[in-house]
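Student: Numbering of the sequence shown is given in the working numbering, commencing with residue 1 and proceeding in unit increments. All residues carry an ideal CB built from backbone N, CA and C; glycine is no exception. Keep in mind it's a predicted model, so treat the numbers as computed, not measured. Provided herewith is a single structure, encoded as structure tokens, for subsequent inquiry.
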Amino acid sequence: MNTPSTILAAIPRRLHLQQDHPLAITRQLIESRFPDYKYHNDLFPVVTVGQNFDSLGFPPDHVGRNRTDTYYINKETVLRTHTSAHQADTFRANESAGYLISADVYRRDAIDRSHYPVFHQMEGARTWDRNDLGGHSTLEEAIWANVAKIPKHPPSVIEVEDPNPTIHPERNPLQATHSAAEVEAMAAHLKRSLEDVVVTIFTAARNAAASSGTPLSQSDSSEPLKVRWVEAYFPFTSPSWELEVLWQGDWLEVLGCGIVQQHILDNAGVSNRLGWAFGLGLERIAMLLYSIPDIRLFWSTDERFLGQFGKGRDIKKFTPFSKFPACFKDVSFWLPASAPSASPPTQSPSEPSTTATTTTSPAGGLTPTESSSHTVPNTFHENDVMEIAREVCGDLIEDVRLVDQFEHPKTGRKSVCYRCNYRSLERTLTNEETNELHEKFREELMGRLGVVLR
Ligand code: FA5
Ligand code: MG
1 MNTPSTILAA
11 IPRRLHLQQD
21 HPLAITRQLI
31 ESRFPDYKYH
41 NDLFPVVTVG
51 QNFDSLGFPP
61 DHVGRNRTDT
71 YYINKETVLR
81 THTSAHQADT
91 FRANESAGYL
101 ISADVYRRDA
111 IDRSHYPVFH
121 QMEGARTWDR
131 NDLGGHSTLE
141 EAIWANVAKI
151 PKHPPSVIEV
161 EDPNPTIHPE
171 RNPLQATHSA
181 AEVEAMAAHL
191 KRSLEDVVVT
201 IFTAARNAAA
211 SSGTPLSQSD
221 SSEPLKVRWV
231 EAYFPFTSPS
241 WELEVLWQGD
251 WLEVLGCGIV
261 QQHILDNAGV
271 SNRLGWAFGL
281 GLERIAMLLY
291 SIPDIRLFWS
301 TDERFLGQFG
311 KGRDIKKFTP
321 FSKFPACFKD
331 VSFWLPASAP
341 SASPPTQSPS
351 EPSTTATTTT
361 SPAGGLTPTE
371 SSSHTVPNTF
381 HENDVMEIAR
391 EVCGDLIEDV
401 RLVDQFEHPK
411 TGRKSVCYRC
421 NYRSLERTLT
431 NEETNELHEK
441 FREELMGRLG
451 VVLR
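In structure tokens form, the structure reads like this:
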């Protein structure tokens, strides 16, 4: 068990189901592009290691399985790290050709304005039955007939860069059970479906920006939206891709996807079916849609935040309430003697290549601090620092980053320095308050990680 009570407290929030919450509105906007799919929005976040990793073909030594990256409830049970944990069961239930799963997911990770230990994903999948070609003579013909039904947006609306071949023998191989023609057809269906989602979202985002009177760069509706498909790797799809969107000058990864590994469908008892799957981050999309500058805001119960969304209105740009001052404080400490140098935060199953670049920050209250009856681990991992910061400071800490690393030339001892940025989204913090938080943070670091403060 490495799951703090602060994380368990997030389970009942179900933000993606909360009426007029920006994550719920974003979910519904995407769902509207998949009208014939079955939606699952209510799946419980505690899953088995089998569901989260084994069923998907994660190798036994994959970093995503580490206690430094994943919240364990016990040896066999975790808080899901992605909505893909429900793929096998949903394929097994075989209720519909297509499905969408929206849910909260949990990862031990860095602290900054685009990372939070709980976020929301939407999984989508579409499969076809080899034994039911709907009157077509081949499977690829049946799939192409479905492709033709998805809106195709002209280059004046969306410019798609897709430089790589659909299949690459080394980098992005075909599975033995599929023909190249079948994969070409499924890839076309997948890509066209997701391009349509992106057009829907980003058209709404531009309209919101334009109507707020402070148009964003690239929000001029005469300029096409630019997206690109890049090759990717996931243990549970092949070939695999990521979709990136050019937004305010940066390529932003919005989703991962690919052709479902046939062993997953075989093990789910539907070996006659084949198809595609994708997984996208709802916060990342909602932040773009509404220009929300800080991921902590989604957890706010402040009406100044929640009152700005939905209620039958058009999507409008979020107006930050006044930006409260930041307070930076450093903490330096020697690592325990046996420890390797600070490992960077890792993300399971894979690190996004780019993150939302955000500019201003405005929520959240102080969450209760964990008791410090923890045993000192004998290896140091940065995610432990991040978690202690979240437990002590709740949403009053905006950012924690490694600013210096030093190895003593004689003793070989390693020292690190982290810079903490304290800032409330809702009010100005007092000096005493910040000092108290920082002092508590230092004590917990010492007590729980066995580090020596400098
Ligand atoms: C996955 O989680 C895969 N399960 C996606 C997938 C599903 C691939 C089905 C193939 C088939 P990844 O870790 O890259 O992959 O996360 C997917 C998306 O979630 C990212 O593109 C990003 O939009 C979002 N995301 C990932 N990490 C974070 C984070 N810390 N904060 C906010 N959003 C995140
Ligand atoms: Mg990724």
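1. Are V47 and A103 close, meaning C-beta to C-beta below 7 Å?
2. Does any residue of chain B bring its CB to less than 7 Å from the CB of N272?
3. Under the criterion of a Cβ to heavy atom distance below 6 Å, does G394 qualify as lining the ligand MG?
4. Is it the case that the Cβ atoms of I11 and P45 are separated by a distance below 7 Å?
5. Quick one: using the 10 Å Cβ neighbour count with 16 as the cut-off for buried, is A176 buried or exposed?
6. Just curious, the alpha helix (DSSP H) that A10 is in, first and last residue?
7. Comparing C-alpha positions only, which one of G281, K317, V416 and V452 sits nearest to V455?
8. Across which residues does DSSP place A115 in a beta bridge pair?
9. Can you tell me where the beta strand (DSSP E) with A232 in it begins and where it stops?
10. What's the call for V403, buried or exposed, on a 16-neighbour Cβ count within 10 Å?
11. Beta carbon of E283: closer than 6 Å to some heavy atom of the ligand FA5?
12. Applying the 10 Å Cβ sphere with the 16-neighbour rule, what's the burial state of K152?
13. Tell me whether H147 counts as near the ligand FA5, meaning its Cβ is closer than 6 Å to at least one heavy atom of that ligand.
14. Assuming R454 and S332 form a contact by the criterion Cβ under 8 Å, report the distance between their Cβ atoms to the nearest whole angstrom.
15. Is any heavy atom of the ligand MG found at a distance shorter than 6 Å from the C-beta of G256?
16. With distances taken Cα to Cα, identify the nearest neighbour of G275 among I143, K410 and K440.
17. Out of V49, P320 and M287, which has the shortest C-alpha to C-alpha gap to R304?
18. H381: which of L194, K191 and R108 sits nearest, CA to CA?
19. Terminal residues of the continuous alpha helix (DSSP H) containing K191?
20. Find the nearest neighbour of E95 within the set T127, M122, Y116 and F309, judged by alpha-carbon distance.
21. In this structure, does DSSP put S37 in helix, strand or coil?
22. Between S300 and L425, how many whole angstroms is the CB-CB distance? I'm expecting something under 8 Å.
Tutor: Reading it off the structure:
1. no
2. In the structure shown, chain B does not exist; there is a single protein chain.
3. no
4. yes
5. exposed
6. Run containing A10: none; DSSP gives neither H nor E here.
7. The question about residue 455 has no answer, for the chain in this structure spans 1 to 454.
8. A small fix is needed here, since residue 115 is His in this sequence, not Ala. Bridge partners of H115: D112.
9. L225 to F234
10. exposed
11. yes
12. exposed
13. Per the sequence presented here, residue 147 reads as Val, with His not at that position. No, the ligand FA5 has no heavy atom inside 6 Å of this Cβ.
14. 4 Å
15. yes
16. I143
17. P320
18. R108
19. A180 to S211
20. T127
21. Residue identity check: residue 37 is Tyr in the sequence provided, not Ser. In this structure, Y37 counts as coil in the three-state DSSP scheme.
22. 7 Å
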